[in-house]
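Visitor: Numbering (our numbering) for the sequence shown: 35 to 170.
For each residue, glycine too, the CB sits at the ideal point set by N, CA and C.
What you are looking at is a predicted structure, and each value in this text was computed from that prediction instead of being measured.
This is the structure I want to talk about, given as structure tokens.
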Amino acid sequence: MRGPYGEEFYVGIRRFVVVANDEGHSNCVPILTYGGKGCRKNGVKARTHGIIYTSRKPHMVPGEPSLGFKEVKARLIDGETLSRESRINYAKICTVEHNVKVLLIGNVVKDDVRIISNAVDDCWQQKKQLQYQYGY
Numbered sequence: 035m036r037g038p039y040g041e042e043f044y045v046g047i048r049r050f051v052v053v054a055n056d057e058g059h060s061n062c063v064p065i066l067t068y069g070g071k072g073c074r075k076n077g078v079k080a081r082t083h084g085i086i087y088t089s090r091k092p093h094m095v096p097g098e099p100s101l102g103f104k105e106v107k108a109r110l111i112d113g114e115t116l117s118r119e120s121r122i123n124y125a126k127i128c129t130v131e132h133n134v135k136v137l138l139i140g141n142v143v144k145d146d147v148r149i150i151s152n153a154v155d156d157c158w159q160q161k162k163q164l165q166y167q168y169g170y
């Protein structure tokens, strides 16, 4: 699509896992498939990702490198689906304002919530270490 000044922009549906709520916004990590390639896609850092799945068994894409975090299971609302190649990027914290239209598609199972929390914290610590190391 094009904006009022001729600039191109993307319109689409994105999926997230909410990791924190605040006044007026939530902090989330994105669920991505990388075009069905999972973490095989060039430039994707597998060490900052984990599988999110809904079936009995998580699915690795053939040739996909080892991921940095344990898989988490989600229970979806009837009619909703997640691709088998769905990955959570724990290093990419996104802010979603509460005035944006959202649709709940399900929840992470209770036993796996701590995996998400720890993964986000681990990725954040890595960013802080780089900041201290390089002085920015």
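Can you tell which of Val154, Asn152 and Val134 has its C-alpha closest to the C-alpha of His59?
Guide: Translated into positions along the sequence shown, residue 59 becomes position 25. Taking only the C-alpha atoms, the option nearest His59 is Val134.
Visitor: Here's a check: name, in chain order, each residue in its chain whose Cβ is nearer than 6 Å to the Cβ of Gly70, leaving out the five neighbours to either side.
Guide: Your numbering for residue 70 matches position 36 in the sequence shown. Here the set comprises Glu119.
Visitor: Ile111 and Ile139 look like a contact to me (Cβ under 8 Å); what is the Cβ gap, rounded to whole Å?
Guide: Within the sequence shown, residue 111 is the residue found at index 77, counting from 1. Within the sequence shown, residue 139 is the residue found at index 105, counting from 1. Indeed, because the Cβ distance is near 6 Å, the residues count as touching under 8 Å.
Visitor: If we define contact as Cβ-Cβ less than 7 Å, is Gln159 a contact residue for chain B?
Guide: This model lacks chain B altogether, as it is built from one protein chain only.
Visitor: Buried or exposed: where does His44 fall if 16 or more other Cβ atoms within 10 Å of its Cβ makes it buried?
Guide: Start at 1 with the first residue of the sequence shown, and residue 44 comes out as number 10. Reading off the sequence shown, one finds Tyr at residue 44, where the question assumed His. It is exposed - the Cβ of Tyr44 has fewer than 16 other Cβ atoms within 10 Å.
Visitor: Taking 6 Å as the cut-off, does the CB of Phe103 come closer than this to any heavy atom belonging to the ligand FMN?
Guide: The ligand FMN is not among the ligands present in this structure, which contains no ligands whatsoever.
Visitor: Quick one: using the 10 Å Cβ neighbour count with 16 as the cut-off for buried, is Ile85 buried or exposed?
Guide: For the purposes of this step, residue 85 is taken as residue 51 along the sequence shown, with counting starting at 1. Under this definition Ile85 is a buried residue.
Visitor: Can you name, in chain order, every residue of its own chain whose Cβ lies under 7 Å from the Cβ of Lys104, other than the five neighbours on each side?
Guide: Start at 1 with the first residue of the sequence shown, and residue 104 comes out as number 70. Same-chain partners within the cutoff: Gly84 and Ile149.
Visitor: Cα-Cα, which of Lys79, Tyr39, Cys73 and Met35 is closest to Ala125?
Guide: Your numbering for residue 125 matches position 91 in the sequence shown. Minimum Cα distance to Ala125 is reached at Lys79.
Visitor: Buried or exposed for Glu98, please, with buried defined as at least 16 other CB atoms from any protein chain shown within 10 angstroms of its CB.
Guide: For the purposes of this step, residue 98 is identified with residue 64 of the sequence shown, where counting begins at 1. With 16 or more other Cβ atoms within 10 Å, it is buried.
Visitor: Cutting at 8 Å between CB atoms, please list the residues of its own chain near His132, excluding the five before and the five after it.
Guide: The residue you call residue 132 lines up with position 98 of the sequence shown. Cβ within range, chain order: Gly58, His59 and Ser60.
Visitor: Taking Cβ to Cβ, would you say Phe50 is nearer than 7 Å to Pro64?
Guide: Your numbering for residue 50 matches position 16 in the sequence shown. Your numbering for residue 64 matches position 30 in the sequence shown. Yes, they are a contact pair.
Visitor: Taking the straight line between their C-alpha atoms, what separation do you get for Leu109 and Ser117?
Guide: Numbered from its first residue, the sequence shown carries residue 109 at position 75. Numbered from its first residue, the sequence shown carries residue 117 at position 83. Sequence inspection shows Arg at residue 109; the Leu mentioned does not correspond to that position. Each residue's Cα considered, the two are about 13 Å apart.
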